[in-house]
Amino acid sequence: MICRRFWAGVLPLAVMLAGCDGARPEAPRQMLEDRRIALHDAIADNPQAIAERIQLARVAFGLGDGVAAEAAVKGAIDAGGKEAALRPLLARAYAMQGDGSRALQTLDAGPIIPEMIGEAAWVAGNVHLANGDIGAAREAYDRAVNELPRDAALWVDVARFRDANADTLGARDAIDYAIELDKNNSPALAYKASLIRTEQGLNAALPWYDAALVADPDNAGALIDQAAVLGDLGRYREMLGALRHASTLVPGEPRIYYLQAVLAARADNYRLARSLLQRTRGAMDDVPGFMLLSAVVELELGGEAVAATWAERLLADQPDNMTARRILAVADWSDGDAVAAADALAPIVDRADADSWSLLLAARVAAELGRQGEASAYLARAATLTRGDAAPFAVDEDYGLLTALADAEPLNPVHAVPAISADIAAGNAARAIERAARLRDANRGVADAHILLGDAALAGGRFGLAVEAFRAARALDASERTTLRLANALYRAGDPAGSGAAILALRGSQPSSIAADRLAGHLAMDIKHWDQAIDHFERVRRRIGSRDVVILRELARAWATKGNRDRALPLIARAYRLQPLNGEIMNFYADLLAQGGDAQAAADLRDKAAQIGR
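Residue numbers (this note's numbering): 33 to 646.
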């Protein structure tokens, strides 16, 4: 058996490429642990062993232990192994420890034997991808695939690369091929689950996570991702079980603490949530979801200044994150800084589709600053609550420069996307559609390219083209952003039934979607399915609180229509307190008061509504 032969200065090729007895990184954890013990025993019996040390390195890779892998590879070199053969494995060990620079330096430090060129390219691809160098990563992965065309683990990394490059179709093809090569490859099955989650929704992803965990019950990454999905589905007991198992495999893993903090926050246990967030020790401080949760938790616990800091950090990366803006505004206002609160709210309330809650807060802030005219205007907008399309793009002063750059490089998104926005703002929708179609044709596997075309088509009134584009986008990414666009396009194209079906499909695939529940509630109201409407709107209210007057009004309408005035009255009363100048709410409130025998209060409300309506 070749694994028992020891060559001075020469490494057996079978061991070097595939590993003794086929041990691969995707093997179940217990198998790898058993193999590690056996290899340590073999090395103890023969300190000059080379092949066993390489096997030990590969087992360490499978266990995610870059330090042990480095020690094993260096031990093989010290025992007489050829550096030209072992250099890629040493580089992989450094990369696994997060030292990409040292990994690349190791690959460049000397020659590499032909049989290991594929592995060297694979490591380089992973490092370049981690560094965000997409061009270099693409070249490296192409070289690796050419050398190792049937390595399932390599195709998983190729799928990750393509997904990071927004090539959804390419990622799907790569992961399917990895599973075709090895049906029990747990990382491949887990990554398939993550793609399915984006394409088809939460419920559709669960069977793939289950398959990954059947292949390897100790796949910690799959357990953590499965826990996140279970949490979004509201299956908290199962979520905790998955996290507990994962914590025994990777104790101290920051994502476990983060997900536990999410669960604690949903249960309104913000002190526990803060404690769990702090236990990540800064490892997730740059993750948007972590920053947002930290801001919410600190705000709930009275730490307005800290909450504002987290919100500002998130806005530095995501300036259009309206949730972070609302948190920042509340934090600043609660901390006594009305000017900063007004600045935080400005990008929201300047939009035509500003929500009533933000408008009401802006009114209070303006009044506190003595700007009574602004306060009245915000209150009036909140009262009418006209929800239209988003505010149009502002016409860029350098419109000519933007379009010239895009004309010179029509397939470069850096230039094409701003030019499309500028074309729409300038009223040149036909030109925007032309640019977007060209970009889409060159990137048919990228959901964003189809979305861009759909947005341009909607702006130009070409609803059929918009529906076609958004359907293509949803086939790649079935999230809120695509499905809600498709629903809007179908409605504007004269297909309300199709629009409703799209919304209900989103509700089915993404049960945690607030937008889906909100729209599904309105659909149920339209067809007089009052109980369904109440279920949808109550789910929204549990998630966002009793601060949205539309949700409160519709809930009150549904309960009143069912004949339950006692349930309807406090809801419409709350809506009236939030929007005391809303004539529709006043009249409805008056009707309910009159039904209860309070004729004078009802008359007073109707008089007030009439005066406002004049």
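Glycine included, each C-beta is placed from N, C-alpha and C at the ideal position.
Every value quoted in this text rests on a predicted model; they were computed, and no experiment measured them.
Sequence-distant Cβ neighbours of residue 129 in its own chain, meaning closer than 6 Å and more than five residues away, are 98. In this structure, residue 597 sits near residue 627, with a CB-CB distance shorter than 9 Å. Contact check for residue 286 and residue 260: beta-carbon distance about 13 Å, past the 8 Å limit, so the pair fails to qualify. Taking C-beta atoms as the reference points, residue 121 and residue 101 count as a pair closer than 9 Å. Per DSSP, the continuous alpha helix (DSSP H) segment holding residue 150 begins and ends at 149-163. In this chain, residue 494 is not harboured by any alpha helix (DSSP H), its DSSP state being neither H nor E. DSSP places residue 97 in no alpha helix (DSSP H); its state is neither H nor E. Residue state for residue 458 is assigned as coil, using DSSP reduced to three classes.
In this structure, the beta-carbon distance from residue 363 to residue 327 falls below 9 Å. With a cut-off of 8 Å on Cβ pairs, the segment 245-261 is not in contact with the segment 564-579, counting fewer than three such pairs. When Cβ pairs closer than 8 Å are counted between the two stretches, the segment 150-158 is seen to touch the segment 186-193, the count reaching three or more. Contact between residue 474 and residue 443 holds: their C-beta atoms lie close to 5 Å from each other, under 8 Å. Contact between residue 392 and residue 613 is ruled out by a C-beta separation of about 11 Å, above the 8 Å threshold. With contact defined as three or more Cβ pairs closer than 8 Å, the segment 518-535 and the segment 493-509 are in contact. Here residue 76 is exposed. Its C-beta has fewer than 16 other C-beta atoms within 10 Å. Excluding sequence positions up to five before and after residue 373, its CB lies within less than 6 Å of the CB of 361, 364, 365, 397, all in the same chain and listed in chain order.
Closest in C-alpha terms to residue 491, from the list 452, 370, 159, comes 452. Residue environment analysis places residue 371 among the exposed positions, since fewer than 16 neighbouring C-beta atoms fall within 10 angstroms of its C-beta. In the three-state reduction of the DSSP assignment, residue 525 falls in the coil class, being assigned neither a helical nor a strand state. With respect to the 9 Å criterion, residue 529 and residue 539 are not classified as neighbours on the basis of their beta carbons.
The alpha-carbon separation between residue 590 and residue 213 amounts to approximately 55 Å.
Here residue 300 is exposed: its Cβ has fewer than 16 other Cβ atoms, across all protein chains shown, within 10 Å. An exposed status is given to residue 441, since fewer than 16 other beta-carbon atoms sit within 10 Å of its beta-carbon. In terms of Cβ geometry, residue 617 and residue 581 form a close pair [threshold 9 Å]. CA-CA distance, residue 62 to residue 218, rounds to 14 Å. Boundaries of the alpha helix (DSSP H) around residue 344: 336-349. Here DSSP, grouped into helix, strand and coil, assigns residue 316 to coil. Of 588, 211, 104, the smallest CA-CA separation from residue 553 is found for 588. In the displayed model, residue 511 falls within coil according to three-state DSSP, outside both helix and strand.
Just measuring C-alpha positions, the residue of 262, 318, 107, 280 sitting nearest residue 291 is 262. Here residue 251 is buried, its C-beta having at least 16 other C-beta atoms within 10 Å.
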